[in-house]
Each structure stands twice: as structure tokens, then as C-alpha cells.
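Visitor: Got a structure for you, questions after.
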């Protein structure tokens, strides 16, 4: 008992000592944080930068001429902001093209036809002319995995699995539903299907199908894979449930896989004044799907990262460590930018201590998720009080990001931090035609930039 | 020292006892809260109810036929949900009509004319034909208050004051800028101006002017008052700054004030099983401005409140206290619904213990603000852990709401609670043509309904 009393007192006293020291820094830090947010909101460049990326370039899938335009755009924007160094880093990227034909419809026994909004999944093989087949529907992936080959062979598999509306964080609902897109063509090919079509991964009902990566398995037949809009998928599901009759599906896609192509990550930095060899990166991905304008995914992350560094430079901050912005190429279909970056910086001996990624859209900021050690989370949580006036409240272990992920294998003890904005609207826009500049709110985007700039500054100061 | 040790131990032990008791309830409560949110997200009625209010009726300014349609709509929706009691409460409301003419332009010395997007402020007198006058611009209200009569007399005052972008909570920026609309006609009339036009209160640049209440002062000349869209205001300000020349403004408005009219609040309740005479109300306002569809303001609050009660009924919850939904009439230009309600329930001896209001839009929920005693805040904060999985983090003293405000004068010790959603997009839509159903996100709206239903349930259980 005595020991416990002493311990309790010790903890109590220690608490007050630490508390007071923090209070002093807190006052000073909160003044700087206010300046950072004010710069983001009053003189921000994020919104105009995003407008330019979305409207002057637009969609920018790896291997396309638009992606190369985006590389040049990124280099010259970073140059314009006059950072210490701006350079390219070569990356070999996959090259898949959608082609010009993407049409589909289904026909019931009485002859009635219904046109659908359909999109090839990224990486799909073409249909080579019009493909037709009887539709066999599965409520979800589990049902497909349990199916008999005789019920599927020679047919077109339709997986109608919706994202789970009751999950609060939409990325959890996406993660749970992702295998129907990523693995649907493998699952269906194993049962002898001739093609697979899925309900788009979206939480809202509309006419714009989504796209995204899918995989094939070595040794299995590569079958065409496509997504229907949520509206079309619901209508088709209802018809199949009502009629119990056979429906024939017809579709045509002339997408193709081409040889890998040379592209680039684009990098800029502010050199560290005390520890220039310790690098903190912040980044997003420059490529996007070929539909919409890649505004939230991940134009927002690109302008967030650039703006985070611009603000610190504008406020004449001299970093202790080297702060580096990285525009990664090819997150969407291969992550070759992230993988190449990690290998090259490891090989050249550039020591990475922390990495931040923004790839969850330009929505109202809620916080940060930490993929690292307890010390990383503790550090981020020590900023909680500072961030409270900016309505930032989420400081938890969680995912860092796809682009920065490979750094974990190369740098023991690195902390990866993912920016966490509000996720509710993300899957209205994700990988579909709605992901355009007009669907990004200026203030929400700017608050994200302010939050990331503030975090970058605090990490440089206290890590 | 000994005393402190004992005290520390006592607090420590007490903490663990309370903690354990709360843990047990916490487990049970979290199951119910999960059911409430799942009902809101999987079987929710809020979105379809809002669609109906916005599209089957639309804008519904007090005194208009649309407002009367909304009263009937509210009554029959509440009846449909089969609550214990549904009834009307008579309210006399002001009646102002916009009329059919609302046009304006300005002309520079070289003859060039520029048409503007202009809206009469609610309650403004008409221009009685085309009014013309030289424009005199003021950067903000303070500048106008300091002006000399000779510089203003006979002219049209233009107040170009923008909302402050650097404020994090947009309602604070609105509050700071509100006097240019509410008091601009008084300030300008005191200096002999013939009319006042203001920059719309909005945080984004677009072509849709906003409207809203304004005041006149007894004994002062009532001058026409209108708002220009933010785009038009910026263009006009730039032109005045550049040219320093004189600009003549021409505009016409045939709005009019008519005699007060009879209307109604609409009320429904679930009777309390233990304390039926203790009433907890939840509400929003049924009227809206006559522009747009009143989707966020305050269609969202109407369907939030109705849905909060519907969910509890659907889950077979038998409340201890009487839970009452109130659709208030005439929040926008008079608050006669709120004032009348408070007086009538006081007179009839209906004891109100708590009141909740949703009137800040249908955006992603962030928390609750409490206008009451410390005990009210402490109670709400005791729910913090329960609400954390739903990303609710704001539990602070703050504003309750306009409609429930008058209850404070009638019931000593009542706690008023305002629902606090994310505020960043609110002033893109507020009182302008963009406040339509399409600008409300289904999940964000439903999460708001779930949060309010959960709060209502917890308050009934623990107050």
C-alpha cells in the first residue's frame, strides 16, 4: 500500500511538472499553428492548384499522355514555389488503356432490352467483339466461392454485393467489399465463368459506374471484368429476383494492356538546418483513374502536400530536418511510384524518419492515423490540445497510406501517418465520373492543407 | 501531506468504483446506440422525408401557401409514423412577399452597364419603380458607422464586408458579419442613404445572392435593402477600387409586407411511462426562406427530429419522460413559433426539462453544444465514450437554438442542446438558391438523425 501511495504521488507530481512545461510551449505553438491555418484559409493556393490540375490536365492514368502532363505540371508548380530542390525520380509504370468501346445491355426472355452504364475494371482484358452470356447472380463473394462449377460454367457472373451502409467509417465498408473487384475475375474464372461484372463500390445510388484495379491469377483464364453503376446493379438485381427467369447479358470492351512505360515521381524539399540527413516526407499520388478528374483521389493529396510545405516556407520557417514533398506516380494500378521511391532512397542512404500521406480526399479534417510505434502515437497525441480549436480529434493507430507503405520495409522504426478527413462522401466520388473539382469544397480542402502543414511543422519541431 | 495522500487515494478508489459501474451500463448502452445508428443508416426515412419536403413542397416562407402545405405535410408524416399524439398549435406569423420584380445593374461614367444578381432582404420595403443612386462603398460596418452624413445622403450605400475566412467555425464568421444585414438599413438610413445593398453572407464565391431578416427602426425612414451575390459584390468592389470614379446603381423590387397570418407549429409525442409530465422536446423549423428548397435550413432539422423519434419507436423503446417532436413555424423572420410555443406550454403547465434543436444543416455530425448548467454539460460529456465510435467529439457549452431559446425564460433550470454538425459547407447554401435537396448527402443526414436519436434516448434514460 505504501508503495502505491508513493507511486501515486510521484505520478501526480510528475504530471504537473510536465504539464507546466507543455503549457509554455503550448502558448507559443498555438500562435504558430494559428498563423499556419490563417495562411491556408486567407492566402491559400490549394484550391487554385487543384483547379489547375483538374481542369488544365484532368484524368491522368499511368502511362497516358495526361500523366506525363501531370509530371511536368508538378515539377513546374514546385519550381514556382521556389523550394530548395525540385527533381524527377524515374519510375517504370504499367500501361493499360480503356479503349473507345464500352457498352452493355441485358435482354429478358420477352425480348425487352435494358442498356446499362458499364466500365471496364482497370487491367481487364477486352471482350474481343460483343460477348454474350447468361447472367448468374451472387449476393456476395462468399456465395460465389460456395457455388458449383456446373451452375457457373460458360456464364457471366454478376456479383451484386453492396457496401455495408451501417459501418461508420466508409473505408471499412470499402475494405470489406473490395475483394469482389480485386479478386472477382479470379473467383469466377476458377468456376469457368466467361466474364465477371460487379456492382460498383459506392455508398450512393447513381448512374456512374466506378473502376479500379483487379487481379488475374497465373495459369487461370483471364476473363473480362467490369462494373455496373449502383443504379444499374440494383435494377438488374431486382429484375433477377422478381423474374427468376434467364437474362442474357451483352457487352463489348476494347481495353488493352500495353508494355510498361517510363514515368516519374516528382520531388521537392526544404533542406534541414540541423539534421539535413533526417527526412520527413509528405505526399500524395499524381496519377488518377481515367474517369472524372481525380479531384479527391488524389488531386487533394497533391495540393495538400505542396501547400503544407509552401505555407512553412511562406512563414519563413527553417526546418531542423529535411522536409520533402513527394508526388508519387502510379498509386492506382501498381504502386510503382511508392515501391521505387522506397528502394531508391534506401539505396542512396537517405534516412527517412517519418512519412505523411494524404489520400482520403479533400474533406473536412478529423485527424491522423498512425502506423508506427507507441512513441509515434504518443507524440501525435501530445498535439491534441493544440489541434482542438481546429476541430481535429482523431489520433489513433491506423493506416498510413499506399504510397508511403513500402518505406516501412526499408526503414526500421519509421512512423507512417495518414491524414484522416471526414469519410462520408468519399465513396460518392471514388473512381467515378463524379470525382471532379466542383465536388471539392474550398474551405474543407484548405483546412486539410492547414492541418497537414501544422502537423509537419510540429513533427519537425518535436520528433 | 497525509491528508493529500488520503484524498488522492480516495479519489483514485472512487474513480475505479464509478468507472466499473459505468462500464457495465456502457456495454448495454453501446448495444442500443449501435441499433439506433444501424436503423438510421440501413432503414432510415430521413432522406426520403427530406426529398419529399424539398421536392413535393419546396421553399416555404411563413404566410405563403407553401408554408401551409408544409404544415399539412408535417402533420400527415407524423400521423403516418403513428406516434401517441399529433396536433397543431396555432401561431400568428408575419407575412412578407418578395413580389415578381428583382433586377439591378450599375453603370460607369463611360456608359458601360453591368447586370447584377440581387435579392431583397426579408422584410425590405419595395423601391416603388426603378430606384437610381450613386453608390458609396464601405469596407465594413465600422467604416459606415464612422461616415459623415454629407458623404452618404441621397446615395445608395454598398457594404462590401466579407465573412472572415480564417475563422474555423463558420457560424462565428456569420455572427461577426450578421450586423451588415440585420442593421445595415438602420445604419444607412441614419446617414440619409436612399437604399442599402450588401455583399451576401457566404464563404464562397458564386452567383446566388442570399437573403435573410433585416430590421428597421421606429421613427427612421425605411429604405430598400438587398444583397448582391458574392461574385457581383467582388466585381463591384474591384471596379470601385480601380476606377475611383462614380458608379450609378439602378434597381427595382416590388416586395411587400402584408398583415400577419394564422399558421401552426406541428407537434407529436411519445408519452412517458414514468414521468409523463416531464417533457423533452426535439425540433427544427418548418418554414424556410423563399429561395432554394430549405434543404439544410431547416429541412434537415425537421427530418432529423422526426427520425430521432421514429427510430426509438421502431426499436420499441418506452420512454420514461414524454418525448416530443416540434416542427416550429416562422424561425426565419420572427421566431413566432418558438415564442408562442414557450408561452403556451408554460401557460398549460407542461413541464419542460430539456430541449434539443437541429438547425445547422444536414452535415456530418461533430457533437452537441449545451446552453444550460454545468450538470447538463457533465451529463452530455458522460456520453463521450459511447459516441466515440460514431466520431462525435464536440461536447461543449454553446448555443442551443433559436426555436428552443424562449423556453429558457419560462423554465428555470432547463437545459438547451444544439446539434453541431460540420459547419464548413453551410454558408455555401444558407438562404440562397443552392440550398436544395441535391446538396444534402444521404449518409451525413442519416448520421445526424442517428446521433440525435441516440442523444434523445440517453437523455431520457439518464436525466
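Protein chains in written order, with full-length UniProt numbering: chain A, 1 to 463; chain B, 1 to 463. For glycine and all other residues, C-beta sits at the position ideal for the given N, C-alpha and C. No experiment lies behind these values; they were computed from the predicted model shown.
1) Chain A partners of residue 89 of chain B, CB-CB under 7 Å?
2) Just the chain B side, please: which residues come within less than 8 Å of residue 452 of chain A by C-beta, in chain order?
3) Any C-beta of chain B within less than 7 Å: which residues of the segment 158–174 of chain A qualify?
4) Flag this pair as yes or no: are the beta carbons of residue 44 of chain B and residue 293 of chain B separated by less than 8 Å?
5) Could you tell me which chain A residues have their CB closer than 7 Å to the CB of residue 422 of chain B, listed as they occur along the chain?
6) Taking DSSP as the reference, what is the three-state secondary structure of residue 21 of chain B?
7) Got a sec: which bits of the segment 383–400 of chain B sit with their beta carbon under 8 Å from any beta carbon on chain A, in order along the chain?
8) Compare the C-beta of residue 204 of chain B against all C-beta atoms of chain A and say whether one is closer than 8 Å.
9) Since residue 282 of chain B and residue 380 of chain B should fall inside the 8 Å C-beta cutoff, what is the C-beta to C-beta distance between them, to a whole number of angstroms?
10) To which residues of the same chain is residue 422 of chain A closer than 7 Å at the C-beta, ignoring the five residues directly before and after it?
11) One question on the structure: do residue 74 of chain A and residue 266 of chain A come within less than 8 Å of each other, judged by their Cβ atoms?
12) Could you tell me if residue 105 of chain B is buried or exposed, where buried requires 16 or more neighbouring beta carbons within 10 angstroms of its beta carbon?
13) So is residue 444 of chain A in contact with chain B if we call contact Cβ pairs under 8 Å?
14) Going by Cα to Cα distance, which pick from B/448, B/92, B/437 and B/26 is closest to residue 258 of chain B?
15) Starting from the beta carbon of residue 441 of chain B, find every residue of chain A whose beta carbon is closer than 9 Å, and list them in chain order.
16) Against chain B, which members of the segment 28–47 of chain A pass a CB distance test of less than 8 Å?
17) Work out the CA separation of residue 415 of chain B and residue 375 of chain B for me, nearest whole Å.
18) Just the chain A side, please: which residues come within less than 8 Å of residue 447 of chain B by C-beta, in chain order?
19) With DSSP collapsed to three states, give me the class of residue 370 of chain A.
20) Would you say residue 397 of chain A and residue 370 of chain A are within 8 Å of each other, going by their C-beta atoms?
21) Within 10 Å of its beta-carbon, does residue 65 of chain B have 16 or more other beta-carbons around it, so buried, or fewer, so exposed?
22) What does DSSP give as the partner residue(s) for residue 133 of chain A in the beta ladder?
23) In three-state DSSP terms, what is residue 72 of chain A?
24) Under 8 Å, do residue 393 of chain A and residue 393 of chain B count as touching if we go by C-beta distance?
25) Have a look at A/451, A/186, A/245 and A/310 and flag the residue whose alpha-carbon is nearest the alpha-carbon of residue 111 of chain A.
26) Should residue 341 of chain B and residue 457 of chain B be called a contact, given that it needs their Cβ atoms to be closer than 8 Å?
27) Taking the alpha helix (DSSP H) that residue 387 of chain A belongs to, which residues open and close that run?
28) Can you tell me the Cβ-Cβ gap for residue 141 of chain B and residue 161 of chain B, rounded? I've got them flagged as a contact below 8 Å.
29) If we call anything under 8 Å between Cβ atoms a contact, is residue 431 of chain A one with residue 212 of chain A?
30) Please state whether DSSP places residue 416 of chain A in a helix, a strand or coil.
31) Between the Cα of residue 219 of chain A and those of A/315, A/189 and A/96, spot the shortest distance and give me the residue it belongs to.
32) Do you know offhand how far residue 290 of chain A's Cα is from residue 124 of chain A's?
33) Who are residue 87 of chain B's beta bridge partners in DSSP?
34) Looking at C-beta atoms only, is the number of pairs between the segment 231–241 of chain B and the segment 300–308 of chain B that lie closer than 8 Å three or more?
Guide: According to the structure shown:
1) Within chain A, no residue comes near residue 89 of chain B; the closest Cβ sits about 35 Å away, beyond 7 Å.
2) What residue 452 of chain A touches in chain B: nothing, since even the nearest Cβ is about 15 Å away.
3) 165, 166 and 168
4) no
5) 364 and 422
6) Note that residue 21 of chain B scores a pLDDT of 46, beneath 50, so its modelled location is shaky; the value from the coordinates is reported in the next line. Of the three classes helix, strand and coil, the one that applies to residue 21 of chain B here is helix, per DSSP.
7) 389, 390, 391, 393 and 394
8) yes
9) About 14 Å separates the two Cβ atoms, so there is no contact after all.
10) 363, 364 and 366
11) yes
12) exposed
13) yes
14) B/92
15) 204, 424, 425 and 428
16) 37, 38, 41 and 42
17) 9 Å
18) 168 and 424
19) strand
20) yes
21) exposed
22) A/249
23) helix
24) yes
25) A/245
26) no
27) 384–387
28) 6 Å
29) yes
30) strand
31) A/189
32) 14 Å
33) B/267
34) no
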